[in-house]
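Structure first, commentary second.
Protein chains in written order, with the numbering used here: chain A, 1 to 258; chain B, 1001 to 1295.
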């Protein structure tokens, strides 16, 4: 009773087709057949496939538009015609918001990359400047030695002072200011976030609608939570640098000033 | 007499001509859209999306039965519909779609794959609810008689007639059916006429662009029957493999691999036991007595 799987009854197909065929003017059904059969070489190549579909639909739209206008039916919707749409306004704002967010994230990453490059460039310049200064200092010292050798015989107290001042100045502006290293360790920050207490009670470690719809953020290196990672450290370093407690004499003088 | 006869005949001919013209001008279609029980959220949303797009669809409550589908013909009769789309769900996973012309027309069973509903945020287009679509078919539909029949059934179902109730007067979306990899791909696009650079320019043929609205799905033809949910098979797709079969094949392949591994292991054990190797001074003599690990 079971018919084999490879079964085609062409006459019956044709008969059924003739029975259900619609014989009406074009405007009743609005059907356009593409001029060329669509051939897609690689079905798994998404871009190629969707492009083929798009082209077919676009051709259909252009032809259909011509025919619709020829039949006298209005095609374009005027700007002041408001009616219920298939997707609600709320939904459309969500779509728009998502597009805006994507654009912003792209811009932010570009900006961050630019700053990073600038920093590297700035670091290069800083190193060059330090080297230049050192070179200058060496030159000055050599000049002083030479001059001292020349003036070995001549006793000139006034010039000595100038030399001392010059040497002091040369020594003073070489050492760059040391940055204070405060704030918590990156490893400590991560451990606190995972196992610490306090903050919002219940749902701090569960998903929200936004976080579960968000697929791509897990691949973003910004969210890498490996312990002691550089990112956590950098995030932590952004905190305000607290001043180191001043020494005894400084505190005393401040108190006396008050 | 002759002239009276001639006059009478001429009048009758005129009347019948008018009558024929009136018949061919009207395209009256109503589609009954229903599903079986056990449908999951994605499939339910797909059905709702189709209902929102096409105003001549009439939704009905879920059908309890899965075997005697002839009852659907009566439901369609009750609802004054001459087409039907039925979503049959099996094992809460596989979605089969039946499309038929209800009283006695042909019915087609498809397997639906790759369902994306209109809710997905990647589909940014929007259109009027109830506007009549332009249907765009691939030329491959004209090559074989079964494709031609499927095309005609789709025109009946997806083409919104002018006499439908909730239609809007403008045309702003195009539905495309393409045949690729022996399957039918369904896409729905919004037509944007204006050139975004020059908003005041009168729209031209070259300025048209499309944005996808959704939903999108892929249909794999299984069989075409002569009657509506009954009748003899007039076409069966030779390349169709049922999803159950696919899953079964996968499991069998896995079992076969395991079986092969076990057999190879047993072979090795037997070979080692039967071989006449000299006693290895490094192994303990106790283990050489145990000859059978699997009991």
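Note that beta-carbon positions come from the ideal geometry of N, C-alpha and C, so glycine has one too.
**Message:** Can you tell me where the alpha helix (DSSP H) holding residue 56 of chain A begins and where it ends?
**Reply:** Counted from its first residue, the first chain places residue 56 of chain A at position 56. Element bounds for residue 56 of chain A: 46-70.
**Request:** Give the residues of chain A in contact with residue 1161 of chain B, contact being defined as C-beta atoms less than 7 Å apart.
**Result:** Reading the second chain from its first residue, position 161 is the one you call residue 1161 of chain B. Listed along chain A are 28, each with a C-beta nearer than 7 Å to that of residue 1161 of chain B.
**Prompt:** Straight-line CA distance for residue 213 of chain A to residue 43 of chain A?
**Reply:** Here residue 213 of chain A refers to the residue found at position 213 of the first chain. Here residue 43 of chain A refers to the residue found at position 43 of the first chain. Cα to Cα, residue 213 of chain A sits roughly 28 Å from residue 43 of chain A.
**Asked** Would you say residue 38 of chain A faces chain B, with C-beta separation under 8 Å as the test?
**Response** By 1-based counting over the first chain, the position of residue 38 of chain A is 38. With a threshold of 8 Å between beta carbons, residue 38 of chain A makes contact with chain B.
**Item:** Proximal residues to residue 65 of chain A (C-beta, below 8 Å), its chain only, five neighbours per side dropped
**Value:** Working through the first chain from its first residue, we reach residue 65 of chain A at position 65. For residue 65 of chain A, same chain residues with a beta-carbon under 8 Å away, outside a window of 5 residues either side, are 75 in chain order.
**Request:** Note the first and the last residue of the continuous beta strand (DSSP E) segment covering residue 1148 of chain B.
**Result:** The count along the second chain starts at 1 and reaches residue 1148 of chain B at position 148. Judged by DSSP secondary structure, residue 1148 of chain B falls outside any beta strand (DSSP E) and instead within the alpha helix (DSSP H) spanning 1145-1158.
**Under 9 Å from the C-beta of residue 219 of chain A: neighbouring residues of chain B** = By one-based count along the first chain, residue 219 of chain A stands at place 219. Close to residue 219 of chain A, with beta-carbon spacing below 9 Å, lies no residue of chain B; the smallest spacing is near 17 Å.
**Request:** Measure the Cβ-Cβ separation of residue 27 of chain A and residue 1235 of chain B and say whether it is below 8 Å.
**Result:** Here residue 27 of chain A refers to the residue found at position 27 when the first chain is read from its first residue. Here residue 1235 of chain B refers to the residue found at position 235 when the second chain is read from its first residue. The answer is no: Cβ separation not under 8 Å.
**Request:** Kindly list, in the order they appear in chain A, the residues whose Cβ is closer than 8 Å to that of residue 1243 of chain B.
**Result:** Taking the second chain and counting its residues from 1, the one referred to as residue 1243 of chain B is at position 243. Chain A residues near residue 1243 of chain B: none, gap ~16 Å exceeds 8 Å.
**Prompt:** So is residue 1270 of chain B in contact with chain A if we call contact Cβ pairs under 8 Å?
**Reply:** As a working note, residue 1270 of chain B is residue 270 in the second chain. With 8 Å as the cut-off, residue 1270 of chain B does not count as an interface residue toward chain A.
**Item:** Three-state secondary structure (DSSP) of residue 118 of chain A
**Value:** Your numbering for residue 118 of chain A matches position 118 in the first chain. DSSP places residue 118 of chain A in the helix class (H, G or I) of the three-state scheme.
**Asked** With a cut-off of 8 Å, does the C-beta of residue 1038 of chain B fall near any C-beta of chain A?
**Response** Start at 1 with the first residue of the second chain, and residue 1038 of chain B comes out as number 38. Contacts with chain A at 8 Å (Cβ-Cβ) do not include residue 1038 of chain B.
**is_contact[residue 1235 of chain B, chain A] using C-beta, thresh 8 Å** = As a first step, residue 1235 of chain B must be located in the second chain, where it is residue number 235. Yes, its Cβ sits closer than 8 Å to a Cβ of chain A.
**Message:** At the 8 Å Cβ level, is residue 1138 of chain B part of the contact set with chain A, yes or no?
**Reply:** Stepping through the second chain from its first residue, residue 1138 of chain B is reached at position 138. With respect to chain A, the C-beta atom of residue 1138 of chain B has a partner C-beta closer than 8 Å.
**Asked** Is there a Cβ from chain A that is less than 8 Å from the Cβ of residue 1099 of chain B?
**Response** Looking up residue 1099 of chain B in the second chain gives position 99. Residue 1099 of chain B does not count as touching chain A.
**Asked** What is the C-beta distance between residue 1128 of chain B and residue 1170 of chain B, in whole angstroms, given that I count them as a contact (C-beta under 8 Å)?
**Response** If you number the second chain from 1, residue 1128 of chain B lands on position 128. If you number the second chain from 1, residue 1170 of chain B lands on position 170. Contact between residue 1128 of chain B and residue 1170 of chain B is confirmed by a C-beta separation of about 7 Å, below the 8 Å threshold.
**Member of B:1151, B:1126, B:1263 whose CA lies at the smallest distance from the CA of residue 1183 of chain B** = Reading the second chain from its first residue, position 183 is the one you call residue 1183 of chain B. Considering only alpha carbons, the answer is B:1151.
**Request:** Compare the C-beta of residue 112 of chain A against all C-beta atoms of chain B and say whether one is closer than 8 Å.
**Result:** Residue mapping note: residue 112 of chain A aligns to position 112 of the first chain, counting from 1. Residue 112 of chain A does not count as touching chain B.
**Request:** Answer with buried or exposed for residue 104 of chain A, where buried requires no fewer than 16 other C-beta atoms within 10 angstroms of its C-beta.
**Result:** The count along the first chain starts at 1 and reaches residue 104 of chain A at position 104. Burial is judged here by how many other beta carbons sit within 10 angstroms of a residue's own beta carbon; residue 104 of chain A has fewer than 16 and is exposed.
**Message:** Under 7 Å, CB to CB, which of the residues in the region 1100-1118 of chain B have a partner in chain A?
**Reply:** Listed by position along the chain: 1101, 1105, 1106, 1118.
**Request:** Measure the Cβ-Cβ separation of residue 1149 of chain B and residue 1224 of chain B and say whether it is below 8 Å.
**Result:** Taking the second chain and counting its residues from 1, the one referred to as residue 1149 of chain B is at position 149. Taking the second chain and counting its residues from 1, the one referred to as residue 1224 of chain B is at position 224. Taking a C-beta distance under 8 Å as the contact criterion, residue 1149 of chain B and residue 1224 of chain B qualify as a contact pair.
**Request:** Pull up the distance between the alpha-carbon of residue 1052 of chain B and that of residue 198 of chain A, whole angstroms please.
**Result:** Counting from 1 along the second chain, the entry for residue 1052 of chain B is found at position 52. Counting from 1 along the first chain, the entry for residue 198 of chain A is found at position 198. Pairing residue 1052 of chain B with residue 198 of chain A, the inter-Cα distance amounts to about 48 Å.
**Message:** I need the straight-line Cα distance from residue 96 of chain A to residue 1123 of chain B, nearest angstrom please.
**Reply:** On the first chain, position 96 is the one that residue 96 of chain A refers to. On the second chain, position 123 is the one that residue 1123 of chain B refers to. Pairing residue 96 of chain A with residue 1123 of chain B, the inter-Cα distance amounts to about 11 Å.
**Asked** What do you get for residue 1056 of chain B, buried or exposed, if any count of 16 or more other CB atoms within 10 angstroms of its CB means buried?
**Response** Position 56 of the second chain, counted from the start, is the residue given in the question as residue 1056 of chain B. Burial call: buried.
**Prompt:** Any C-beta of chain A sitting closer than 8 Å to the C-beta of residue 1084 of chain B?
**Reply:** Your numbering for residue 1084 of chain B matches position 84 in the second chain. Chain A contact via Cβ: absent.
**Message:** Count Cβ pairs between the region 70-88 of chain A and the region 1159-1170 of chain B that sit closer than 8 Å; are there 3 or more?
**Reply:** The answer is yes - the region 1159-1170 of chain B touches the region 70-88 of chain A, with three or more Cβ pairs under 8 Å.
**Prompt:** Using DSSP with H/G/I as helix, E/B as strand and the rest coil, what is residue 998 of chain B?
**Reply:** Beyond the ends of chain B as shown, which are 1001 and 1295, falls residue 998 of chain B; an answer cannot be given.
**Prompt:** Under three-state DSSP, which class holds residue 1043 of chain B?
**Reply:** Locating residue 1043 of chain B in the second chain gives position 43, counting from the first residue. For residue 1043 of chain B, the three-state secondary structure derived from DSSP is helix.
**Request:** Could you check if residue 1190 of chain B is buried or exposed, using at least 16 other CB atoms within 10 Å of its CB as the buried criterion?
**Result:** Here residue 1190 of chain B refers to the residue found at position 190 when the second chain is read from its first residue. Answer is buried; the Cβ neighbour count reaches 16.
**Prompt:** Quick one: Cα of residue 1154 of chain B to Cα of residue 1206 of chain B, how far?
**Reply:** Taking the first residue of the second chain as position 1, residue 1154 of chain B is located at position 154. Taking the first residue of the second chain as position 1, residue 1206 of chain B is located at position 206. Each residue's CA atom was taken as its position, placing residue 1154 of chain B and residue 1206 of chain B some 29 Å apart.
**Prompt:** Counting along the chain, where does the alpha helix (DSSP H) carrying residue 1260 of chain B start and finish?
**Reply:** As a first step, residue 1260 of chain B must be located in the second chain, where it is residue number 260. For residue 1260 of chain B, the uninterrupted alpha helix (DSSP H) run begins and ends at 1243-1274, by DSSP.
**Prompt:** Just how far apart, CA to CA, sit residue 57 of chain A and residue 1174 of chain B?
**Reply:** For this step, residue 57 of chain A is matched to residue 57 along the first chain. For this step, residue 1174 of chain B is matched to residue 174 along the second chain. If I take the Cα positions, the gap works out to 7 Å.
**Prompt:** So with Cβ pairs under 8 Å, would you call residue 1306 of chain B a contact of chain A?
**Reply:** Residue coverage of chain B in this structure runs from 1001 to 1295, which leaves residue 1306 of chain B outside it and unanswerable.
**Asked** the region 54-72 of chain A: which residues have C-beta closer than 9 Å to a C-beta of chain B, in chain order?
**Response** Here the close residues are 54, 56, 57, 58, 59, 60, 61, 62, 63, 64, 65, 66, 67, 68.
**Request:** Return the residue from the list B:1105, B:1216, B:1037 that minimises the CA-CA distance to residue 1186 of chain B.
**Result:** Taking the first residue of the second chain as 1, we reach residue 1186 of chain B at position 186. Residue B:1216 holds the alpha-carbon nearest to the alpha-carbon of residue 1186 of chain B among B:1105, B:1216, B:1037.
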